[in-house]
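Taking it in order: structure first as structure tokens, then the write-up.
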Amino acid sequence: MSTPTYSPGLEGVVAGETAICTVEGGLSYRGYGVGDLSEHCSFDEVAYLLLHGELPTAAQLQQFHTRVAAARRLPPPLKHLLGELPKWTTPLDALRTAVSTLGHFDQDAADNSHDANLRKAERLLAQIPVVIADHYRASKGLPEVPARQDLSHAANFLYMLRGTEATATEVKAMDVSLILYAEHEFNASTFAARVIVSTLSDLHSGITGAIGALKGPLHGGANEKVMDILFATGGPENAEAWTRAALARKERIMGFGHRVYKAGDVRAGILKTYARAAAPAAGAEKWEETADIMERVMAAEKNMYPNLDWPAGRLYHAMKLEIPLYTPIFAMSRITGWAAHVIEQLDNNRLIRPRALYKGPAARAVKAISDRG
Ligand code: ACO
229 MSTPTYSPGL EGVVAGETAI CTVEGGLSYR GYGVGDLSEH CSFDEVAYLL
279 LHGELPTAAQ LQQFHTRVAA ARRLPPPLKH LLGELPKWTT PLDALRTAVS
329 TLGHFDQDAA DNSHDANLRK AERLLAQIPV VIADHYRASK GLPEVPARQD
379 LSHAANFLYM LRGTEATATE VKAMDVSLIL YAEHEFNAST FAARVIVSTL
429 SDLHSGITGA IGALKGPLHG GANEKVMDIL FATGGPENAE AWTRAALARK
479 ERIMGFGHRV YKAGDVRAGI LKTYARAAAP AAGAEKWEET ADIMERVMAA
529 EKNMYPNLDW PAGRLYHAMK LEIPLYTPIF AMSRITGWAA HVIEQLDNNR
579 LIRPRALYKG PAARAVKAIS DRG
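For the sequence shown, my numbering assigns the number 229 to the initial residue and increments by one for each residue that follows.
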């Protein structure tokens, strides 16, 4: 057997083929640039594109919306469970548990055919925002707000969370963030989902694992750390000194750097406009100024640029959303990319089973337990 090549963290390794997304030549989903999509499409259209392969016609979008909106409800035992989780359960952990639980109630759970997977994916797309909103309101002792059938994915989520309709500007900003979060090739959570279903497991298991992978601060969890970091600086006056001191302590500034984008993340530039526009109404201009200063220091000192989480954390803060909701919002979008990858994997499956480079002890014989001193 030839010696396998090894790249720590699988950096630069091509681990599979996909027709869903590429980062080559700028990020695009099924051939459409993310800038073009965020300017001209709703998140719901992009969700359809990722799941079904093409942008929808008006009639297809209407039918898709009808199917998804009709599935915006949870089985009563799950509602009960969400209200009974320990009070310290984070919204993302509750979501992970909920997706696993939803598998028990889905009539297609064990069917790995293409059509069944699409049906399950559409249902999870509908159910995830309901889980996040219901758990959030239950954790605050607030009554649940039933889903609205007439609203888009973003608008319905904000409505269920707050109990009042969001403005068109808020819905557009949320929509753009969801479009940008929807898909990103073989990132850690998507790859985790593909590994799971490559054993011929099932979609709910793959998505449950993906949520677990998303949670960490090196991946989706970073958007929840962004505001903590900005608050820790104290504001623009101290931002440069704080950043330099943090770098001197070899700390990571969450929201900066990327395994693939070393010269900047196009998504961050697109969403920055929305974070900036949302700031004045929320009295958050000071955090935009702080962010600018930190960006300059990070570029000069580390040649490192913001990723999507950097403006997303600020946008959600300006929309007065609580920080522990930020990674669940990422999941409420990325469900589309995860599901598209699960479907692609299962449509043309080969078990994902790489090798490891052994670094342990040389071969040795087992000693009797009395001789092991
Ligand atoms: N702040 C400060 N230093 C950093 C940062 C950062 N955000 N990111 C990397 N570095 C430094 C590392 O400390 C390391 O320095 P060293 O060589 O002196 O030890 C060097 O840059 C290389 O770091 P790696 O971790 O090897 O680079 P990798 O390609 O694995 O990093 C990652 C990618 C994990 C995203 C990293 O940049 C990071 O931790 N960023 C912060 C977390 C974050 O924002 N994650 C969101 C990812 S995008 C998304 O999920 C939408």
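A virtual CB, placed ideally from N, CA and C, is assigned to each residue, including glycine.
Cβ neighbours of residue i in the same chain (closer than 8 Å, five flanking residues each side left out)
{"i": "Y234", "result": "L585"}
{"i": "E239", "result": "R487"}
{"i": "L255", "result": "C249, G261, V262, H412, V494, R495"}
Cut-off 6 Å between Cβ atoms - residues of its own chain near residue i, not counting five sequence neighbours on either side
{"i": "D336", "result": "A344, R347, K348"}
{"i": "G331", "result": "A337, H432"}
{"i": "L313", "result": "A322"}
{"i": "G434", "result": "A421, I424, V425, V570"}
Unbroken alpha helix (DSSP H) run spanning residue i, endpoints
{"i": "A410", "result": "From DSSP, A410 is part of no alpha helix (DSSP H); its letter is neither H nor E."}
{"i": "W515", "result": "513-530"}
{"i": "P305", "result": "304-312"}
{"i": "T461", "result": "450-461"}
{"i": "W470", "result": "464-476"}
{"i": "Y234", "result": "No alpha helix (DSSP H) holds Y234; DSSP gives it neither H nor E."}
{"i": "S433", "result": "431-442"}
{"i": "V327", "result": "319-333"}
{"i": "I360", "result": "342-367"}
{"i": "E558", "result": "In the sequence as displayed, the identity of residue 558 is Phe instead of Glu. Element bounds for F558: 554-575."}
{"i": "Y502", "result": "494-510"}
{"i": "G541", "result": "537-546"}
{"i": "Y387", "result": "381-390"}
{"i": "E273", "result": "271-280"}
{"i": "Q288", "result": "286-298"}
{"i": "S417", "result": "416-425"}
{"i": "E267", "result": "262-268"}
7 Å CB neighbourhood of residue i in its chain, flanking five on each side removed
{"i": "P464", "result": "K514, E517, T518, I521"}
{"i": "F459", "result": "none"}
{"i": "D280", "result": "The sequence shown places His at residue 280, rather than the Asp named in the question. Counting only Cβ-Cβ distances below 7 Å, and skipping sequence neighbours, we find nothing."}
{"i": "A382", "result": "F271, V399, M402, D403, L406"}
{"i": "L302", "result": "Q355, V358, V359, D362"}
{"i": "A438", "result": "S417, T418, A420, A421, W566"}
{"i": "L265", "result": "Y257, V274, I407"}
{"i": "L499", "result": "V404, S405, L408, L536, P539, A540, L543"}
{"i": "K307", "result": "D362"}
{"i": "A326", "result": "L306, L310, V359"}
Beta-carbon gap between residue i and residue j smaller than 7 Å
{"i": "F558", "j": "G440", "result": "no"}
{"i": "V296", "j": "E350", "result": "yes"}
{"i": "R376", "j": "N384", "result": "yes"}
{"i": "Y554", "j": "E452", "result": "yes"}
{"i": "G483", "j": "V454", "result": "yes"}
{"i": "A243", "j": "T564", "result": "no"}
{"i": "S328", "j": "T436", "result": "yes"}
{"i": "S426", "j": "I580", "result": "yes"}
{"i": "A590", "j": "A546", "result": "no"}
{"i": "R394", "j": "L310", "result": "A quick correction: the sequence has Ala, not Arg, at residue 394. Not in contact: A394 and L310 (Cβ atoms no closer than 7 Å)."}
{"i": "F475", "j": "E529", "result": "Note that residue 475 corresponds to Leu in the displayed sequence, not to Phe. Yes. Within cutoff."}
{"i": "M532", "j": "G485", "result": "yes"}
{"i": "H620", "j": "D575", "result": "Only positions 229 to 601 of the chain appear in this structure, which leaves residue 620 out of reach."}
{"i": "P232", "j": "R504", "result": "no"}
### Query
Should the region 521-538 be regarded as contacting the region 485-502, the criterion being three or more beta carbon pairs within less than 8 Å?
yes
### Query
Given 8 Å as the limit, is there contact between the region 407-417 and the region 316-327, that is, 3 or more CB pairs closer than that?
no
### Query
Would you say the region 556-574 touches the region 418-432, given that touching needs at least three Cβ pairs under 8 Å?
With the cut-off at 8 Å, the region 556-574 and the region 418-432 touch.
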